[in-house]
Structures are given as C-alpha cells and as structure tokens.
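Counting from 277, one number per residue, gives the positions in the sequence shown under this note's numbering.
Structure, as structure tokens:
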Amino acid sequence: MLEHFEAALGGLTGDRLGLVLDFDGTLSEFVPDLDKAVISCDVVPPLLGLARKLTLTAAMSGRAARDLEQRVGIDGLVYIGNHGAERILDGALSVAEEAESSESDLQALLERLGSAANDPGIVLENKAYSASLHYRRASDEAGVKERLRSALGDIPKSEDLEFFWGNKILEIRRRNGVNKGIALDRVIRDWQLDVVIFAGDDTTDADALRVLQQRKAPGDVDGLGIAVIQDGTPSSVLDNADYSLNGVSEVATFLSRLDAAIG
Numbered sequence: 277m278l279e280h281f282e283a284a285l286g287g288l289t290g291d292r293l294g295l296v297l298d299f300d301g302t303l304s305e306f307v308p309d310l311d312k313a314v315i316s317c318d319v320v321p322p323l324l325g326l327a328r329k330l331t332l333t334a335a336m337s338g339r340a341a342r343d344l345e346q347r348v349g350i351d352g353l354v355y356i357g358n359h360g361a362e363r364i365l366d367g368a369l370s371v372a373e374e375a376e377s378s379e380s381d382l383q384a385l386l387e388r389l390g391s392a393a394n395d396p397g398i399v400l401e402n403k404a405y406s407a408s409l410h411y412r413r414a415s416d417e418a419g420v421k422e423r424l425r426s427a428l429g430d431i432p433k434s435e436d437l438e439f440f441w442g443n444k445i446l447e448i449r450r451r452n453g454v455n456k457g458i459a460l461d462r463v464i465r466d467w468q469l470d471v472v473i474f475a476g477d478d479t480t481d482a483d484a485l486r487v488l489q490q491r492k493a494p495g496d497v498d499g500l501g502i503a504v505i506q507d508g509t510p511s512s513v514l515d516n517a518d519y520s521l522n523g524v525s526e527v528a529t530f531l532s533r534l535d536a537a538i539g
C-alpha cells in the first residue's frame, strides 16, 4: 500500500470521507493478555488530526463499545463495538434495534466450550451481544482448536447463534443481522459518505471489506479496502482488500501520510 499511496489516494473522488479502523491487530499490537491491549502511540497523533478533518473517523471492533472507547481514548471518534451492535457517538451509547442481549445464555455456552478446550491459557469474553474464546495464550493452540471443533459438533445447531474462527479466536455471534459489514453500510448511509477507507486484519473485518467492494462496484461510494497483515490473517481478508499493510507500524505510517495529504 505505502508504495502506491499517492496513486491510490489520488484516484479517490468525493468530498465526504470516512475512515473506519479495526482495533486489535490494526491500531493495537496483539498481546497475550487481552486486557493489556493498548493503542499504538504512533497512531494517536495522526488520528487526532484526522478526527478534526474528516466527515467520520471511527474505530470498529468485536470488543464492547465502552471497552473500545476506553482503550482508544480519542475525542471526536465514533466507537462501534460488538461487531456493530453498539455505537458510541459524542459519549452516548446506542444499540442496534435488532441486537439482542443474551448474556446468561452466552456465559453458559462459553463455560461449556472453555471446559472442553481444557487449557489454562484460554480467555473467555462475554460481551452480552456476542462472545469470544481466545486461545492466543494456550499452551497447545492446535490441540485447543481441535477440542473446540469437536465440542461444537456436539452442540445442537441453533438458528440463533453462529460460530466462526478468527486469528486464534473463536467468535460466537447471534444471527441478528449485525456484523461489521452491516455496520459499515450503516455509517456510509448515516454520515452520507462518498469515500470510505477501511482497514482490518481478521475474519470479522472481511465482512466490512466485502460490503465496501459491493458498494464500490455500482459507484455508490469510492474507497480503499486495506488488509492489515498479521501472523494468522485469514485469506478472506486479503481476498476482499484493494491493498495491504504489514502490521500496526505500517498502519501508523499510512495514517500519518493520510493526515499530511489531507492537510
């Protein structure tokens, strides 16, 4: 991406530019302990500048929106959490109409899967509207994944839940029409964007990249879909991106150049 920066940016047409960025693996380096993830200090200055200039600057994550807001901590950003189920605008939290909280059901399922995984390094994350089982700290990642696959096979298929694998994570989400793709489509509509830049590194980000390509095809919007390459980034992210950046450090360089280019 960086070697094509001028050509890529120069080819965009439109006045209402939105920048939407994933958090873990894009604005924050992966860390073994989920609770210790922090925003990279190198992305903060350009984000501060871009938040003052662009029609929309947003962080989008599978994390709960308040957790995301606390970790990024930049005024003027919109925070979209729980894969799009939650949004924080000017400090006020709103929840998508179709999102349903099922914290107790998710907790029971997480505990069942955690027991099946049988590894002290797993981390269970219940976010009320979605849940995650992280095995980045597991002593035997391959073994944990195999045991989880087996456990999922024993769980009766549900019309209410869907499971999908990310980068050393098992995501559990309600089938309620809420994902990062739908969330991106909504911000395009709500902010009347005609140019969108989206960057992310994992399975759920592929939903947003896919929607961006679908909106670009008929000319509804212009934009750039960027895959952030990490160890374990799935092919679905690359397949739906226009360009790629190697890790958080290149994201920081890209944002700095974007901030300077917009002036």
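Backbone N, C-alpha and C fix where the C-beta goes; we use that ideal spot for every residue, glycine too.
For the region 390-425, there is no continuous alpha helix (DSSP H) assignment of 4+ residues that stays within its boundaries.
Apart from sequence neighbours up to five positions away, the residues of its chain that approach THR509 with a beta-carbon distance below 6 Å are ASP477, ordered along the chain. Using a Cβ distance threshold of 8 Å, PHE439 and ILE445 do not count as a contacting pair. Per DSSP, the continuous beta strand (DSSP E) segment holding GLU447 begins and ends at 445-450. Within the region 477-538, the complete beta strand (DSSP E) runs of at least 3 residues fall at 498-505 and 519-522. Here ILE315 really is in contact with LEU303; their C-beta atoms are around 5 Å apart, less than 8 Å. Assignment of ASP300 by DSSP, reduced to helix, strand and coil, places it in the strand class. Annotated three-state conformation of ARG339 is coil, per DSSP.
By the neighbour-count criterion, in which 16 or more other beta carbons inside 10 Å mark a residue as buried, SER337 falls on the buried side. Here GLY357 is bridged, per DSSP, to GLU362.
Comparing C-alpha distances from ARG339 to each of ILE356, ILE350 and ASP395 shows the shortest one belongs to ILE356. When rounded, the separation of the alpha-carbon atoms in ILE431 and LEU310 is 26 Å.
Between ARG450 and PHE306, the C-beta gap is not smaller than 8 Å, which leaves the two residues out of contact.
The beta carbon of GLY349 sits closer than 8 Å to those of ILE315, all from its chain and outside the five residues before and after it, given in chain order.
As the crow flies, the alpha-carbon of LEU469 is around 7 Å from that of VAL497.
In the three-state reduction of the DSSP assignment, ALA334 falls in the strand class, which pools E and B. Contact between LEU531 and VAL354 is absent: CB atoms are separated by about 16 Å, not below the 8 Å threshold. Judged by DSSP secondary structure, PHE439 falls within the beta strand (DSSP E) whose first and last residues are 437-442.
For VAL320, the three-state secondary structure derived from DSSP is helix. About 5 Å separates the beta carbons of ILE505 and SER520, which is inside the 8 Å limit, making them a contact pair.
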